[in-house]
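Report on the structure given below.
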Amino acid sequence: MKRLHPVLILLGCILLIGGVNAYYLPGWNGPQVPITIASTDIPETLTDFPVLMHLSGSSGKTGEDMTDIFSKLGNNAQKIAVTTSDGLTQCSVEIERWDALAGRGSVVMIP
């Protein structure tokens with residue numbers, strides 16, 4: 036049985052995304068951006084695998100504009116945290132590429 040693999044990206048900045056749950060990473064002052072990886076996008080049952088996320092002016096299947104992240108964070112990609120769906124369990128994060136001027140970056144998260 037395939038499962039959804041929801042994760043949260045917590046940003047140390049103010050995004051134009053409403054509603055912050057009270058149950059996310061303690062001590063984190065920024066809002067959260069929920070990202071769900073549909074089980075249909077993963078052909079088999081996996082655990083602890085890397086996920087590459089490209090953030091840009093047209094991100095994900097819906098083409099959401101994520102460039103506001105770059106204007107808020109600038110060159111400090113260290114303000115990104117990734118958690119599992121519980122909002123508390125932190126995942127390892129590796130910034131593969133971060134270009135605030137061009138408004139694009141790649142984040143590898145390893146749950």
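Residue numbers (our numbering): 36 to 146. Yeah, the Cβ is synthetic: ideal placement off N, Cα and C, and Gly gets one too.
How would you write the range of the alpha helix (DSSP H) that residue i sits in, first residue to last?
i      : result
Thr102 : Thr102 to Leu108
Need the endpoints of the beta strand (DSSP E) that residue i sits in, please.
i      : result
Asp134 : Gln125 to Asp134
Thr118 : Ile115 to Thr119
Among all the DSSP beta bridges, which residues are the ones paired with residue i?
i     : result
Glu99 : Ser94
Pro61 : In DSSP, Pro61 forms no bridge with anything.
Just verifying my parser: in three-state terms, what is the DSSP assignment at residue i?
i      : result
Thr75  : helix
Ala137 : coil
Once you ignore the five residues that flank residue i on each side, which residues in its own chain have a CB closer than 8 angstroms to its CB?
i      : result
Leu87  : Glu131, Ser141, Val142 and Val143
Gly109 : Ala135
Excluding sequence positions up to five away, which residues of its chain have a Cβ less than 7 angstroms from the Cβ of residue i?
i      : result
Ser106 : none
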